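In what follows, a single structure is set out as structure tokens and then discussed.
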Amino acid sequence: MRLIKPSVALALLLATAAPAWAAPVEISFARFFGSCEADYGNLTDPAKATGECGIITALTNKFNAEHRGQIVVRTQVVEHASYYSQLGARIVGRDVPAVAILHSSALNDFVKRGLIAPLDAEFRKVGIASADFTPQAETAVTIDGQHYALPFDTHSWLWHFNLNLMRKAGLVKDGEPVLPHSPQQLLAQARQFKQATGKPYFIWLTANDPAFFARTLLSMIGQQNGSLFPKDDFHIDLHSPIVRDAVQLLKTMYEEGLTSRGMDYSVALQGFAAGEGAVMINGTWIIGDLLRQSKQADSATYQGYTATPFPQLYGTSAMWADNHIMVMLKGGTADARSHAAALSFLKFLYDEGGVWARTGQLPTRRSVIDSAAFRQLPLRSGIATIARDGVALPIEVARQAIITKTLGDALISTVVYGADVAQTLTRTETSINRMLERDAQFQGDAATAR
């Protein structure tokens, strides 16, 4: 018996599910990343695109070109800040996209409300090998032993270095930054840098960006094999010594002037470009921009930029990580033909994971991470460990966006504005736990009603 390849089987399904005269099946694709149709609206070669918007636009165009006459993907772009509220409104209004991008930190909220079904059978049908998912990506899309989404990338916290400034403080060796490997070494190096240059060691995002502190704290807790949810998925613990010590370390660095002050996201990027500090803690997604910047003669990082995963300050290598994932929401496809088309698009995105890695995000497939093509991209071999060591809140924890903001706001209060650490964390713990208990009660009532 001759086996039919999954991609061929899909093509056959699409062909036989509709009469010969039928128009191409249209499926909708809801995403953020901005709109750049003016620059990339007709581009079908992702290698000629740059940035997240450019590459995802070119990828979609390539898929449409390869499936001309069969499938048309209609992209629906929503601003990042309002994406989830608009997606929720569309679901209520039964205007559901066939494929939608989510963060893995939001996946559980959709699954527990019955909006997404497992995809294991569909993955087998089209040839998506979940065994090839990286350890971090596997965790990010698996709930109760089943895969509910296609992991598209892993993004994480990096330390972005101005080597030109680090060199002035004697903190460069063999062309690489000297990394601290304990809280004590971190403080010593930051103080050494400030004394040598008169500048703060860190550029921090302390204004209008609560996620900065929450992600940094998660990295530090993960490196101590700790958890913010040691008991269960409904009770956060902010009383543990490792949490209090980590917060105190952040507070000490800020109080000693070892960090920048009053910078939001855009100002921090400008400050790093101007050489206002040596280390900016920020995401994988800006690697490409900072590499291009380092080639400009008027940049403070000219020929002097590198990036590393969050250094190991404690006993274990760990750093905050999240994922962009692709889901098929219930009600997003009207029939077998459109369902097959949506699966075909997922398979295409799975196959093109290496292309998306040019954004700075990490691939979610072991085979791509280990490939020569990926390792040859600038800095990528050095950050590949994130695919193994990335940590996040347990995926079963609900309302993670709210938890991150609430925790981040609390850390801003203590680190930046000097609020009492114990009192602030106690209030925050109580607030988060009450929210999670209410959510659990709501889910229980909804399940009973069904």
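Under mature numbering (1 follows the signal peptide of the UniProt record, and there is no 0), residues -22 to -1, 1 to 428 are what the sequence shown spells out, in order.
Where is the CB? At the ideal position from N, CA and C, for every residue including glycine.
Predicted model only: the values in this text are computed from it and were never measured.
Asked: For Glu154, the three-state DSSP class (helix, strand or coil); Found: strand
Asked: Length at least 4, wholly inside the stretch 20 to 108: the alpha helix (DSSP H) runs in chain order; Found: 29 to 44, 61 to 70, 82 to 90 and 98 to 104
Asked: Segment contact, 8 Å Cβ cut-off, at least three pairs: the stretch 161 to 176 with the stretch 367 to 374; Found: no
Asked: DSSP three-state assignment for Leu307, whether helix, strand or coil; Found: strand
Asked: Nearest neighbour of Ile236, chosen from Val257, Ala224 and Gly249 [CA to CA]; Found: Residue 236 is actually Leu in this sequence, not Ile. Per the Cα distances, Val257.
Asked: Presumed contact (8 Å Cβ cut-off) between Glu254 and Ser277, rounded CB distance; Found: In fact, because the Cβ distance is near 13 Å, the residues do not count as touching under 8 Å.
Asked: Given 8 Å, three or more beta-carbon pairs between the stretch 208 to 227 and the stretch 139 to 151; Found: no
Asked: Boundaries of the alpha helix (DSSP H) in which Thr382 is found, first to last residue; Found: Gln378 to Leu389
Asked: Residue closest to Ala400, alpha-carbon to alpha-carbon, out of Glu57, Gln54 and Val221; Found: Val221
Asked: Local conformation of Gln124 per DSSP, three classes; Found: strand
Asked: According to DSSP, residues forming a beta bridge with Ile181; Found: Met258
Asked: Close Cβ partners of Ala296 (< 7 Å) along its chain, the five nearest in sequence each way excluded; Found: Ser197, Gly200, Gln201, Asp367 and Val369
Asked: Sequence-distant residues of the same chain with beta carbon closer than 6 Å to Gln274, five excluded per side; Found: none
Asked: Beta-carbon proximity of Thr392 to Val156, cut-off 8 Å; Found: no
Asked: C-alpha gap between Asn411 and Gln354, whole angstroms; Found: 45 Å
Asked: Span of the beta strand (DSSP E) around residue 441; Found: Residue 441 is absent from the structure shown; the chain starts at -22 and stops at 428.
Asked: Closest by C-alpha distance to Phe88, when choosing among Gly386, Ile390, Met413 and Glu374; Found: Glu374
Asked: Inter-residue Cα distance where the pair is Ala107 and Phe352; Found: 19 Å
Asked: Among Thr337, Phe139 and Gly309, the one whose alpha carbon lies nearest that of Arg68; Found: Gly309
Asked: According to DSSP, residues forming a beta bridge with Val369; Found: Trp298
Asked: Buried versus exposed, by CB contacts within 10 Å (16 or more), Leu414; Found: buried
Asked: Candidates Leu65, Asp131, His125 and Ile94, of which the one nearest Val346 by Cα; Found: Asp131
Asked: Backbone secondary structure at residue 441 - three-state DSSP; Found: Nothing in the structure corresponds to residue 441, since the chain is present only between -22 and 428.
Asked: CA nearest to the CA of His159, picked from Val119, Arg91, Gln419 and Gly293; Found: Gly293
Asked: Assigned secondary structure, Arg239 (DSSP; H/G/I helix, E/B strand, else coil); Found: coil
Asked: Exposure of Lys177, with buried meaning 16 or more beta-carbon neighbours within 10 Å; Found: buried
Asked: 8 Å Cβ cutoff met for Ala350 and Ala76; Found: no
Asked: Limits of the unbroken alpha helix (DSSP H) element including Thr117; Found: Pro113 to Val119
Asked: Neighbourhood of Leu183 by C-beta, 8 Å cutoff - its chain only, sequence neighbours within 5 removed; Found: Phe190, Met241, Asp242, Tyr243, Ala246, Ile259 and Asn260
Asked: Met(-22) burial status per 10 Å Cβ neighbour count (16 or more: buried); Found: Low confidence applies to Met(-22): its pLDDT is 37, below 50, so where it sits in the model is not reliable, and the reading given next is rough at best. Result: exposed.
Asked: Outcome for Pro113 when other beta-carbon atoms lying within 10 angstroms are tallied against a minimum of 16; Found: exposed
Asked: Cβ separation of Ala285 and Trp137, assumed to be a contact under 8 Å, to the nearest whole Å; Found: 7 Å
Asked: Burial state of His58, where buried means 16 or more other Cβ atoms lie within 10 Å; Found: exposed
Asked: Counted within 10 angstroms of its Cβ, other Cβ atoms place Asp152 as buried (16 or more) or exposed; Found: exposed
Asked: Assumed close pair Ala388, Thr408 - CB separation to whole angstroms, cut-off 8 Å; Found: Going by Cβ atoms, the distance from Ala388 to Thr408 rounds to 11 Å, so no, they are not a contact pair.
Asked: Buried/exposed call for Asp300, threshold 16 Cβ in 10 Å; Found: buried
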